[in-house]
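Structure, as C-alpha cells:
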Amino acid sequence: MINSALINPRSIVVVGASNDIHKPGGKILKNLLDNQFKGQLYVANPKQDEVQGVKSYKDLNELPQTDLAILAVAAPHCPAAVELLAKEKGTRAFIIISAGFSEENEEGAKLEKQIVEIVNSVDGCLIGPNCTGVLTPNHASMFTLPIPELTNHGCDFISGSGATAVFIMESAILKGIKFSNVFAVGNSAQTGVEDVLAYMDETFDPETSSKIKLLYVENIKDPDSLLEHASSLIRKGCKIAAIKAGASEAGSRAASSHTGAIASSDLAVEALFRKAGIVRCFGREELTTVAGVFMHKPLQGKRIAIITHAGGPAVMLTDALSSGGLEIPKISGAKAEELKAKLLPGSSVANPIDFLATGTAEHLGLIIDHCNKHFDNIDGMVVIFGTPGLSEIFDVYKVLHQKMATSKKPIFPVLPSLITAKKEVEYFLSEGHISFPDEVLLGRALTRIYHTPQPAEEKIEFHGVDIPKIRKIVDSCERGYIAPKTIQSLLTAANIPFVKEGVGTTKEEILALASDAGYPVVMKVVGPLHKSDVGGVTLNIKSEEHLVAEFERMMKIPGATAVMVQPMISGTELFIGAKYEPKFGHVVLCGLGGIFVEVLEDVSSGLAPLTYAEAYSMIRSLKSYKIIKGARGKEGINEKKFAEIIVHLSTLLRFATEIKELDLNPLLGTPTSVTAVDARFRVE
C-alpha cells in the first residue's frame, strides 16, 4: 500500500490550505514550506487566489497532475475530491487529516469506506483519515509540531494516534533522540501500523535504513503481519520497541475454564511481542528511554557499574536493576584499591562507585578507564552526573563525550540537572549524544531489553506428537467439554504424561479402579465444571470404607454423572492452559499452580506453535522461577519435562484449532517428572 508517491512525491497539493496557520490546512502548508519541499507544491482553495505565497487553484479540475494530495477539508467533501484526483490527476497517495469519519459515527464510516474503495481502485495509498500526517526526508506533511530534523541514524516511528505521536516525539527530542521517518496513521482505514512496518521490512537497506523502529499501537488488525515483519526486521539487525494501548479490560470476560478466566487479549499481545522479539513498553517515557538505550552500544551481559557523585540516585538505580535481574557486582582487588587511592578521601569503589559531590572530570575519566581496562566483571556503565550547584560542569560532560567515543563497553549517561545545568546538557546533546534524565526509567528499560528474547524460529516441533491420531480424535468430538477418556487419548497422542485414571458409575467399578491404582487414591466428581467449588475432590483415600463413603456423597452432587479415581501422587503444582484468541490464535499460558496463578496471576504467555527456546523463555520469565529451580532446601522440578509438555501441547493446538480452551491444572512436578493430574478441554 505504501508507494513512492507517498515517500518521495514529485508534487504535492494541499486541498483546503489556508492563510491561517492556526488551522490544520494552514499549518501543514507552512510546515511544507518551512522544511523546503523540493518538488512542485500546489494549493487548492476555492476562495483564494494565493495561499501563503503559493498559487491557489479554485477548481480541482484545473490542477496539474499531482503525486500526493493532502486533504484538510470537511469529511463530506473528501470522497469527491479523492475520486477526481485519483481518476483525473494521477494522484496515487493521499493523506487525509480531516476528522468526522469512522471514529465519529456510522455515516462517517460509510464515507471512509467509499474513499478506501476509490484509492484501492487505482492501487493508491491512503494515510488516515483523522491523522496528523507523515514526515519523510523528502517532505514534512504534518500539521503539528514539533517537526524534528530527520536523519538515517534516527528512529522510524509509526503511531496509531496523532496526538500521542506528538507527545512521544517531544519526550524523545528532549533526550537527544532523532528520527528518520514518522507515520501517524490515524484511523488506518487502508494503511495501518502493520502495513507501514511491512513496507519498511520489504524496502530495508542495511546501509541507509534506520535500524530502530518505535510503534504506538491501539488496535492490532493483522497480528500475523506484525509478527512476520517485526521478526524479519529484527533478524536483519533492527531493534523494535512498542506500546500497545488498551491493555486493560472492563470486567472479566465470560469463560468457564480457569485459563479462560485469566487469559485476555493483553496476554495475546504479550505473547505476540515475545515471539517477534519486540520490547514491550507501557508509556511514552519508557518507550523513548528504550529507544535511547537502542542508540548506544549493545550491552553484552548483565553486569553494570554505577558511577556517580550522588548516592541516592545510585541506590534507586541499583534497586531498579536488581529487581529486573541485572547485576551490580562488587568491585574489589588491587586495581580497585589503586583507583580508590586516586579519588578524593571518602570515595567508594565497591559499586556503586561514588566519587562524591566534589569529584572532578579527571576522576570520572579515571573511573571509566578502570571499568574498561581492569574490571572484567563489568559489561557496561551508567554514569549519573548532575551539577552540585557549585560551578559549571562543561569539563565533566566533555570527558564523558570523549570516553563514550572510545569505550569498548556501553556507557549510559544520566544527566538529571535539566535546569541548573541546562547549558551543559544542551552542549552534550549537540555532540550527538542521548541523555537519560531519570535513572529508574533507565534501569527498567535496560531490564526490559535484556529479558526480551530474540525472534522465535519459524518451525513446529513434532517430537512424539501423533498429528493424524489427534485429528481423528478431534473430528469425532462433539461441541463442549469433552469426556475424560477422550482427553486421555488426546494427551497420549500428544505425548503428554498423565496420571493413570478410571471413571466409574457404580460402587463395584470404583472399588476395582482403586484396587488397580493402589491406595492411597484421589477421587473427583465427573460432571460439574469446577469440582473443588462443589466439594468434588477428595485426596489421600486409604481404605475401601472411605472410598465408598466418598463415592456415595459425590454422586449426590448436582450434575454428577460419574466419579474418577486416580492414584495419589505428590509434587510441586504446575499449571498449563491455552485459549484461542481471535486473530492471534492459541495463547498458551504456564506457571506454578495454586496461589501463584489464582491470586498472584504469575503466568507467562506464548503463541502456538512454540519452540523449545520459547518454552524455556516462558518458564524462566516467571516470578516464581526460583521455586522451579529449587529454593530453601526444596528440590526443584524437571524444567526439561515442563518445557516438553508446553511444546507438545502447542503443537497439538496448532493442528486442532477446534480446541478453544484447555487446562492442565494441576500438573505435579518432581526432579524427575512432570505429570498432568487433571485436564479439561473445550471444543467448538
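Position 210 of the sequence shown, counting from 1, maps to 201 under this note's numbering, and the rest follow consecutively. Just so it is clear, CB atoms sit at the ideal spot from N, CA and C, and this is done for glycine as well.
Three-state secondary structure (DSSP) of residue i
i	result
glutamate 95	coil
aspartate 215	helix
leucine 117	strand
histidine 365	coil
cysteine 69	helix
glutamate 61	Note that residue 61 corresponds to isoleucine in the displayed sequence, not to glutamate. Isoleucine 61 falls in the strand class under three-state DSSP.
aspartate 457	coil
threonine 477	helix
tyrosine 472	strand
alanine 599	coil
histidine 287	coil
valine 107	helix
arginine 265	helix
lysine 741	Given that the chain is displayed from residue -8 to residue 675, the structure contains no residue 741 and the question cannot be resolved.
tyrosine 616	helix
threonine 250	With a pLDDT of 47 at threonine 250, under the threshold of 50, the modelled position of this residue cannot be trusted; read the value that follows with caution. Helix at threonine 250.
valine 431	helix
phenylalanine 85	strand
alanine 77	helix
glycine 495	strand
valine 594	coil
glutamate 737	This structure leaves residue 737 out entirely; the chain is present only between -8 and 675.
glycine 242	Residue placement at glycine 242 is flagged as unreliable, the pLDDT there being 32, under the threshold of 50; the coordinate-derived value follows with that caveat. Reduced to three states, the DSSP call for glycine 242 is coil.
alanine 35	strand
serine 313	helix
isoleucine -2	helix
Beta carbon proximity, residue i to chain C, threshold 8 Å
i	result
phenylalanine 273	Included in the structure is just one protein chain, with no chain C present.
Residue j beta carbon less than 8 Å from that of residue i
i	j	result
lysine 212	methionine 191	no
aspartate 58	alanine 84	yes
phenylalanine 672	tyrosine 472	yes
valine 281	alanine 505	no
glycine 237	proline 197	no
cysteine 69	serine 89	yes
asparagine 36	alanine 131	no
isoleucine 106	alanine -4	no
arginine 439	valine 260	no
tyrosine 207	alanine 163	no
glutamate 543	isoleucine 532	no
isoleucine 693	valine 674	The structure shown has nothing for residue 693, since the chain only spans -8 to 675.
glutamate 185	leucine 217	yes
phenylalanine 566	asparagine 656	yes
leucine 754	isoleucine 3	It is not possible to answer for residue 754, since the shown part of the chain is limited to -8 through 675.
threonine 199	isoleucine 118	no
alanine 341	lysine 321	yes
isoleucine 451	leucine 643	no
proline 519	alanine 551	yes
isoleucine 610	phenylalanine 575	no
methionine 286	isoleucine 159	no
leucine 188	alanine 221	yes
lysine 384	proline 343	Here residue 384 is isoleucine; the residue named in the question, lysine, does not match the sequence. Result no, Cβ atoms of isoleucine 384 and proline 343 do not sit closer than 8 Å.
valine 387	alanine 352	yes
isoleucine 225	glycine 268	yes
Paired residues, beta bridge with residue i - DSSP
i	result
threonine 299	Asp345 and Ile375
isoleucine 358	Looking at the DSSP assignment, isoleucine 358 forms no beta bridge with any residue, so it has no partner.
histidine 130	Thr127
arginine 271	Ala233
arginine 294	Glu318
lysine 515	Val528 and Met555
alanine 667	Phe489 and Leu658
arginine 673	Tyr472 and Glu652
leucine 24	BP columns for leucine 24 are empty, so no partner.
proline 208	Just to set this straight, residue 208 is valine in the shown sequence, not proline. Partner(s): Lys235.
glutamate 626	Looking at the DSSP assignment, glutamate 626 forms no beta bridge with any residue, so it has no partner.
Closer than 7 Å: residue i CB and nearest the ligand FAD heavy atom
i	result
glutamine 479	Here there are no bound small molecules, and the ligand FAD is not part of this structure.
Counting Cβ pairs, one atom from each stretch, are 3 or more of them under 8 Å apart for the region 423 to 434 and the region 391 to 406? Touching, yes.
Using a Cβ distance threshold of 8 Å, determine whether the region 448 to 466 contacts the region 337 to 357, with at least three qualifying pairs required. Contact between the region 448 to 466 and the region 337 to 357 is not established, with fewer than three Cβ pairs separated by less than 8 Å.
Please list the segments of the beta strand (DSSP E) lying wholly inside the region 521 to 589, counting only runs of 3 or more residues, in order along the chain. Fully enclosed beta strand (DSSP E) runs of 3 or longer: 528 to 532, 553 to 558, 563 to 572 and 576 to 583.
Would you call the region 444 to 452 in contact with the region 409 to 419, where contact means no fewer than 3 C-beta pairs closer than 8 Å? The region 444 to 452, when compared against the region 409 to 419, does not touch it at the 8 Å Cβ threshold.
Go through the region 370 to 421 residue by residue and report every complete run of the alpha helix (DSSP H) that reaches 4 residues or more, in order. 385 to 397 and 413 to 421
Inter-stretch contact at 8 Å, needing at least 3 Cβ pairs: the region 304 to 316 / the region 462 to 476: In short, these stretches do not touch, since the Cβ pair count stays below three.
Complete alpha helix (DSSP H) runs within the region 128 to 205 (minimum length 4 residues, chain order): The DSSP assignment places 153 to 166 and 184 to 193 as complete runs of the alpha helix (DSSP H) inside the region 128 to 205, in order along the chain (cut-off: 4 residues).
Quick test of the definition: if touching needs 3 or more C-beta pairs under 8 Å, does the region 90 to 103 touch the region 137 to 147? no
Any 3 or more C-beta pairs closer than 8 Å across the region 614 to 623 and the region 298 to 309: no
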